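Participant: Could you have a look at this structure, given as structure tokens, before my questions?
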Amino acid sequence: WEQEFFVVKADLYRKRPDLVNCGRTLVGKLPTRNQQAELNYFAPPPTEVNKLMFNVQEVMLKLGVPMAVLHNEVACAQHEMSPVYCHSSFSADNNV
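Take -3 as the starting number for the sequence shown in the working numbering and just add one per residue.
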């Protein structure tokens, strides 16, 4: 149900051949020792990311798919959106 994703700025993305060629991370490093994951999880999303998620939410609502959750995830730059799936007849009614 949850759509988890990473938001990477375009200029940083283009510097990563693994992301450009494979669409996924192949090169990385271990997390910092004693990394406090809850610091990212409970923090508010960055302004640019928040704007992106609200834009996606607006389009999804126009398509009749409400979103239940918009928030950060544990890893840095990882975020989550959770669409509310329902019966097709109810979803069709949401489009009216």
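For every residue, glycine included, the Cβ atom is placed at its ideal position computed from N, Cα and C. Small disclaimer: the values here were computed from a predicted structure and weren't measured.
Look at the alpha carbon of Val52 and the alpha carbon of Val61, and state the distance between them as a whole number of angstroms.
Facilitator: Near 11 Å, if we compare the C-alpha coordinates of Val61 and Val52.
Participant: Counting C-beta neighbours from all protein chains within 10 Å, is the total for His75 16 or more, i.e. buried, or is it exposed?
Facilitator: With 16 or more Cβ atoms within 10 Å of its Cβ, His75 is classed as buried.
Participant: Out of Glu69, Cys82, Lys11 and Val80, point me to the one whose CA is closest to Glu0's CA.
Facilitator: The shortest C-alpha separation from Glu0 is found at Glu69.
Participant: By Cβ distance, which residues of its chain are closer than 7 Å to Phe2, with the 5 residues on each side in sequence left out?
Facilitator: Answer for Phe2: Ala73 and Gln74, listed in chain order.
Participant: Under DSSP, the beta strand (DSSP E) around Val65 begins and ends at which residues?
Facilitator: Counting along the chain, the beta strand (DSSP E) containing Val65 begins and ends at Met63 to Asn68.
Participant: In the DSSP output, what is Met77 paired with across the bridge?
Facilitator: The partner list for Met77 (beta bridge, DSSP) reads Gln(-1) and Leu66.
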